[in-house]
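Below: one structure, written as structure tokens.
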Amino acid sequence: EKGTHISRQALLNNVLKEMKLRNKIMRQKKITSFKKYHALNLWNTIKLKYSFLLIDDIWNLVSAKPQSLSISLIRIILNGPVVGIHTILGSNISYRNLLQQLIELNPAIEKMLQEKHGIPAPTQISAIAQELIISPDKLIFYKKSSVIDMQKYYPLFF
Numbered sequence: 307e308k309g310t311h312i313s314r315q316a317l318l319n320n321v322l323k324e325m326k327l328r329n330k331i332m333r334q335k336k337i338t339s340f341k342k343y344h345a346l347n348l349w350n351t352i353k354l355k356y357s358f359l360l361i362d363d364i365w366n367l368v369s370a371k372p373q374s375l376s377i378s379l380i381r382i383i384l385n386g387p388v389v390g391i392h393t394i395l396g397s398n399i400s401y402r403n404l405l406q407q408l409i410e411l412n413p414a415i416e417k418m419l420q421e422k423h424g425i426p427a428p429t430q431i432s433a434i435a436q437e438l439i440i441s442p443d444k445l446i447f448y449k450k451s452s453v454i455d456m457q458k459y460y461p462l463f464f
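So the number in our numbering is just where the residue sits in the sequence shown, counting from 1, plus 306.
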């Protein structure tokens, strides 16, 4: 979304509200896995689908003021998948060490990571999420979370 920090914060707040609603619904049903909840959608009175938050240029949010934008974003990245909300980040520039950049800009994020993943907190985005990089020369690199090496794929079409 293009816009001011106010409209970006409103978007992230809406996603956070949806996460809370989904979490409440799943707790009422005593289901801890969204995958299981989604599989039972036929019988659920409140049907939930997988949702995706697409951010076309992550650096606009990383360097955003106020810092609450980056805190909201990291909450969505960390807790969204539990309730079926996944975040896809795009960038025109390399986003290596994105997590370190977020922590440097807002140290409160490190505490959030420690609460979720323990001490020491992860310092690479690949420790908590999957990475897919498409290079300018159309090579594709994929890295599952908690795996050391990236896998290299060649495109089918040029």
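Ideal Cβ positions, reconstructed from N, Cα and C, are used throughout, including at glycine.
6 Å CB neighbourhood of residue i in its chain, flanking five on each side removed
i: ILE312; result: none
i: TYR356; result: GLY390
i: LEU327; result: none
Beta-carbon spacing of residue i, residue j below 8 Å
i: TYR459; j: ILE439; result: no
i: ASN319; j: SER378; result: yes
i: MET418; j: ILE383; result: no
i: ILE364; j: LEU322; result: no
i: ILE331; j: LEU354; result: yes
i: THR310; j: ILE361; result: no
Cutoff 8 Å; reference residue i; Cβ partners in own chain excluding five residues on either side
i: ILE337; result: TYR343, LEU346
i: MET456; result: GLU437, ILE439, PHE447, TYR448, LYS449
i: SER441; result: PHE447
i: SER397; result: ASP363, ILE364, TRP365
Nearest residue (CA-CA) to residue i, options the options
i: ASN329; options: GLY424, GLY390, LYS450, PRO413; result: GLY390
i: GLU410; options: VAL321, GLN373, PHE340, TRP349; result: GLN373
i: ILE352; options: LYS417, ILE383, ASP363, ARG333; result: ARG333
i: LEU359; options: SER339, LYS335, ARG314; result: ARG314
i: ASN350; options: LYS341, PRO387, LYS335; result: LYS335
Spatial neighbours of residue i in its chain, beta-carbon cut-off 7 Å, leaving aside the 5 residues before and after
i: ASN385; result: MET325
i: ASN412; result: GLN373, SER376, ILE377
i: ALA414; result: ILE377
i: VAL264; result: Residue 264 lies beyond the stretch modelled for the chain, which goes from 307 to 464, so this question has no answer here.
i: ALA316; result: none
i: GLU307; result: Low confidence applies here, because GLU307 scores a pLDDT of 46, under 50, leaving its location unreliable and the question unanswered by this model.
Residue i Cβ short of 7 Å to the ligand MG heavy atom set
i: GLU421; result: Here there are no bound small molecules, and the ligand MG is not part of this structure.
Pick out the complete beta strand (DSSP E) segments inside the stretch 309–373, 3 residues or longer, and give them in chain order.
-> For the beta strand (DSSP E) assignment, the uninterrupted runs of no fewer than 3 residues enclosed by the stretch 309–373 are, from N- to C-terminal side, 357–361.
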